[in-house]
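For the record, the sequence lines run as chains A and B. Under the working numbering, think of the first position of the first sequence as 1, with each following residue one higher. Under the working numbering, think of the first position of the second sequence as 420, with each following residue one higher.
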Amino acid sequence: MGTQAKIGNRLESQNRLGKLIADHYQEAREIKESGRKPIVWTTTAAPNEILWAMDFCVLFPEAYAATCGARHAAYRHCKITEDKGYEHHLCTYCRNGLGSTLADIEGLDPFDPLPAPDLLLVANNSCSLITKWWEHLSHYWNVPLIHIDTPYIIPGVPEKDVIGHIKHQIGDLIRFLEEFTGKKFDHDRLREVVKNGSESAKGYTDMMKMNKHNPAPSTYFDLMPHNFPNLVLRYKPEVADHYRLMKQEMNERIREGIVPFENMKYRVYWDGIPYWFAMRFLSKKLQSLGICLVTSAYSQLFAFDRSDPERPLDSVAENTAYFYLNRDVRYKAEYTEQLYRDYDLEAGIFAYAMTCKPFSITMHYIADYVQKKLGVLSTIIEGDLVDDTFFDEEKTGIRLETFAEALESNKPSVGKTVF
Amino acid sequence: MQLILDKLKLRYSRRNTEIVKWKDNTGGKVIGCLPMYFPEEFVHAAGLLPVTLFGDNGPIAHANRHLMTNACGAVRGTFEDLLLGKYDALDGVAAVLICDQVRFFFQVWSLDHEFGFFHQMWRPFNIDQSSRPFLLNELKRLKSALEEFTGNAITPGKLCGSIRLFNETRSLMRALNDIRKTRPGLLKASDLVKAIAAGMIMPKEEYNSILKELITQTRDSDYESGEKPKVMVCGHPCGMPEEEILDLIEEMGAVIVGDDFFTGSRYFSVDVPCSGDPVEAYADFLLNLIPCTTYHYPQNWIGQDRSLSTYGDYVADYVRENGIQGVILLREMYCDPFDLEFVMLKRKLEERNIAHITLNTGHEAGSLETQRTRIQGYLEMLSC
């Protein structure tokens with residue numbers, strides 16, 4: 001794909017994203033100080049529209065973990081949990097969250113801590129470890145915890161039964177929240193929240209698809225942080241505007257032939273949760289090798305594309321049920337294969353996270369599957385979500401160089417994993 | 420007595436070849452069930468032999484090409500056995516998706532290997548009545564799948580018959596377990612876990628008669644229990660605990676009188692109710708098992724009087740009710756649910772003033788000599 005195109009500066013949308021994030025946390029701090037709303041900590045794909053419809057201030061410890069990772073603050077939080085008896089190999093999103101909580105409670109100065117919760121909500125559609133994480137939060141903060149059991153979407157289980165089971169629990173959640181807040185649940189407000197979410201989700205999905213263009217107007221790592229608005233703020237109408245403006249900006253790049261970096265040679269897939277502490281290193285390294293990351297199934301985690309204001313409760317339950325991590329390995333393998341086809345990808349980097357089993361445990365299988373189906377080249381690198389003690393920069397660099405050499409020499413090693 | 424125990428241990432150690440032998444003798448079909456909680460009674464009622472799959476404790480070679488070393492020993496060990504062809508005689512495999520590793524990985528078994536029967540089951544993680552309708556549907560789905568596979572109807576009568584048979588097994592296992600409480604030291608813990616495990620791979624009809632004979636012989640034994648510190652051993656949730664560790668604990672002077680192993684109390688503590696519709700009864704059974712580190716107990720976390728660990732309460736109560744002096748926690752490497760619960764369990768034991776020690780187990784866990792020194796120090800403390 002060698003190109004002499006113009007090189008783009010940082011997307012303007014990055015500045016707007018920065019402001020959306022800063023405003024969100026600032027507002028949460030003000031809410032905590034004023035006490036004007038209850039604060040709830042929740043998980044990525046819990047039925048969060050219910051919380052927004054009840055006017056909770058909704059915070060996401062997983063998103064906070066990513067921030068701590070990127071700001072190199074997670075290691076300290078993780079270390080605190082190890083001192084308290086938590087194993088080193090446990091999920092580092094979890095250890096970051098518990099470490100920050102323990103530091104906050106014990107006055108140990110955590111990194112920009114989330115304002116303390118009044119309530120906790122968790123869904124096990126990403127993993128069952130997260131339920132235990134939330135139990136520990138419930139213990140440390142001494143606040144109630146509601147758990148939404150989300151059966152895995154597996155062959156043979158009628159999906160209507162899964163949706164029904166979740167919807168039934170959402171009904172229980174609403175009754176609990178009415179008692180907890182003393183307020184009647186407002187179904188009209190839920191419809192409005194779901195409508196905003198549906199527009200935001202559409203904007204997010206459309207924006208992500210812009211990278212189908214060859215050459216890509218942006219690298220996947222540039223787009224990835226923009227999952228934040230659709231995850232955390234999709235109940236607000238202005239979030240759809242963010243994605244509309246972003247899509248516009250990317251369209252302009254395509255029109256003007258602007259690419260994200262010089263000497264882009266390969267369109268490559270990224271699998272797994274990013275190593276947040278190593279984004280700068282990985283970006284520089286990949287660019288130096290001419291590797292442009294184009295897309296990832298990771299983005300699908302934040303799609304929430306079932307939202308439908310005509311069926312608010314059902315669509316909220318569906319978003320919870322059909323969360324990407326809650327899909328079986330065959331679905332994930334086929335979904336990944338389709339991404340390769342839709343985005344015209346020629347290779348893949350599979351980023352094994354040593355403390356995240358849901359994402360990593362089937363990574364070998366999915367990498368093998370797309371190789372067999374498409375004859376593409378893959379490499380597996382090893383690291384972690386936010387704890388850089390699992391990451392070896394030099395080793396990863398060498399592995400990526402080897403991968404680039406294999407891409408360069410092209411055909412002989414096609415269909416093989418490069419280790 | 421030791422002869423019967425040795426016979427059961429042999430059956431366990433030859434478990435994969437025993438399957439071939441049983442099939443040759445009977446012409447029957449065998450379904451391998453991954454630990455834990457799989458409704459074996461349904462498999463039996465369909466005219467099949469359910470056997471629990473235990474991975475080998477040996478080195479992992481083939482599975483490491485598909486799984487990183489941070490997968491737990493049970494997942495890697497069973498997958499290794501699959502790749503080595505040790506499960507080739509099975510007609511099918513099945514599992515309750517009890518943890519993230521089983522949930523996300525088990526399907527890979529069926530994608531690369533042909534099984535006549537492959538079944539994944541969801542036991543809801545909220546252990547309360549809100550889960551009952553979904554759980555009931557899952558049991559009905561299992562029943563239909565087995566009926567379709569075998570062509571045999573699982574009538575209420577057949578299912579009740581299987582439940583009664585398996586309840587008898589559990590009752591005999593409990594009787595055996597009671598012997599180590601009343602006559603500590605008569606049965607070695609390492610013998611007991613394998614005697615229990617043998618019952619999970621043999622036809623229950625045959626096993627129950629062997630167990631009855633074993634219990635009779637233990638009653639006839641003139642063994643005199645000495646004064647030794649009584650301990651409970653917990654952890655290592657899904658797999659077979661290492662014989663060497665259990666023997667070491669007892670050789671060092673303690674006597675193990677309780678456990679919560681899958682190849683122990685966790686398997687036999689609770690019976691399936693025998694009245695009413697057997698599928699409904701089974702749903703009640705699965706909602707009333709002893710607390711497990713993997714599951715969530717909603718009532719504990721909604722109210723004001725939260726316990727920091729429902730599982731910890733169970734362990735602490737067991738210790739107090741059975742006059743046990745201390746707890747030894749076996750911590751299998753890379754078992755996330757246990758590792759998280761472990762932090763709260765330790766606090767619970769501290770809160771209840773129960774002496775405890777932790778030993779790491781599983782593949783690549785370290786030398787026995789290190790464990791020996793730690794156990795020695797712990798038992799000296801218990802004796803003070």
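Backbone N, C-alpha and C fix where the C-beta goes; we use that ideal spot for every residue, glycine too.
Asked                                                                                                                            : Found
Distance, proline 155 of chain A Cα to aspartate 344 of chain A Cα                                                               : 29 Å
CB of leucine 119 of chain A within 7 Å of CB of valine 40 of chain A, strictly                                                  : yes
Option nearest aspartate 610 of chain B by Cα separation, candidates B/Leu630, B/Lys623, B/Glu624                                : B/Leu630
N- and C-terminal bounds of the beta strand (DSSP E) containing serine 590 of chain B                                            : Taken as a continuous stretch (DSSP letters only), serine 590 of chain B belongs to no beta strand (DSSP E), being part of the alpha helix (DSSP H) at 575-601.
Contacting residues, own chain, Cβ-Cβ under 6 Å from asparagine 211 of chain A (five flanking each side not counted)             : Val294, Thr295
is_contact[histidine 715 of chain B, chain E] using C-beta, thresh 7 Å                                                           : The question asks about chain E, but that chain is absent: this structure's protein chains are A and B.
Host beta strand (DSSP E) of threonine 682 of chain B (start-end)                                                                : Premise fails: threonine 682 of chain B is in no beta strand (DSSP E) and is neither H nor E.
Buried/exposed call for arginine 175 of chain A, threshold 16 Cβ in 10 Å                                                         : exposed
Exposed unless 16 or more other CB atoms sit within 10 angstroms - verdict on isoleucine 146 of chain A                          : buried
Proximal residues, the stretch 514-532 of chain B versus chain A, C-beta separation under 7 Å                                    : Leu516, Cys518, Asp519, Gln520, Arg522, Phe523, Phe524, Gln526, Val527, Leu530
Beta-carbon proximity of asparagine 96 of chain A to alanine 74 of chain A, cut-off 7 Å                                          : yes
Within 9 Å of chain A by C-beta, residues of the stretch 747-763 of chain B in sequence order                                    : Arg750, Met752, Tyr753, Asp755, Pro756, Asp758, Leu759, Glu760, Phe761, Val762, Met763
Proximity test, Cβ basis, 7 Å: proline 656 of chain B and chain A                                                                : no
Residue from B/Cys579, B/Gly658, B/Ala465, B/His481 whose Cα sits closest to the Cα of serine 563 of chain B                     : B/Ala465
Residues near asparagine 489 of chain B in its chain [Cβ-Cβ closer than 7 Å; skip 5 each side]                                   : Tyr753
Cβ of proline 543 of chain B within 7 Å of any chain A Cβ                                                                        : yes
Test: tyrosine 152 of chain A CB closer than 7 Å to a CB of chain B                                                              : yes
Spatial neighbours of serine 581 of chain B in its chain, beta-carbon cut-off 7 Å, leaving aside the 5 residues before and after : Glu460, His463, Ala464
Interface positions of the stretch 490-502 of chain B facing chain A (Cβ-Cβ less than 7 Å), listed along the chain               : Ala490
C-beta neighbour in chain B for serine 128 of chain A, strict 7 Å                                                                : yes
Local conformation of histidine 213 of chain A per DSSP, three classes                                                           : coil
Residue of B/Leu764, B/Gly658, B/Asp531 minimising C-alpha distance to glutamate 751 of chain B                                  : B/Gly658
7 Å Cβ cutoff, histidine 485 of chain B in contact with chain A                                                                  : yes
Proline 237 of chain A burial status per 10 Å Cβ neighbour count (16 or more: buried)                                            : exposed
Short CB-CB distance (under 7 Å) between lysine 132 of chain A and chain B                                                       : yes
Segments assigned beta strand (DSSP E), at least 3 residues, entirely inside the stretch 237-312 of chain A                      : 266-271, 291-295
Three-state secondary structure (DSSP) of leucine 325 of chain A                                                                 : helix
Beta-carbon proximity list for isoleucine 421 of chain A, same chain, < 7 Å, skipping 5 on both sides                            : A query on residue 421 of chain A cannot be resolved here, the shown segment of chain A reaching from 1 to 419 and no further.
Distance, lysine 448 of chain B Cα to glycine 535 of chain B Cα                                                                  : 10 Å
Residues from the stretch 328-352 of chain A in contact with chain B, defined by Cβ distance under 7 Å                           : Asp328, Val329, Arg330, Tyr352
C-beta neighbour in chain A for asparagine 772 of chain B, strict 7 Å                                                            : no
Nearest residue (CA-CA) to phenylalanine 221 of chain A, options A/Val194, A/Met279, A/Glu249                                    : A/Met279
Chain B contacts from the stretch 150-179 of chain A (Cβ-Cβ distance under 9 Å)                                                  : Thr150, Pro151, Tyr152, Ile154, Pro155, Gly156, Val157, Pro158, Asp161, Val162, Gly164, His165, His168, Gln169, Asp172, Phe176
The stretch 539-551 of chain B / the stretch 506-514 of chain B touching (three or more Cβ pairs under 8 Å)                      : yes
Check whether leucine 400 of chain A and alanine 353 of chain A have beta carbons under 7 Å apart                                : no
Opening and closing residue of the alpha helix (DSSP H) in which tyrosine 86 of chain A lies                                     : Run containing tyrosine 86 of chain A: none; DSSP gives neither H nor E here.
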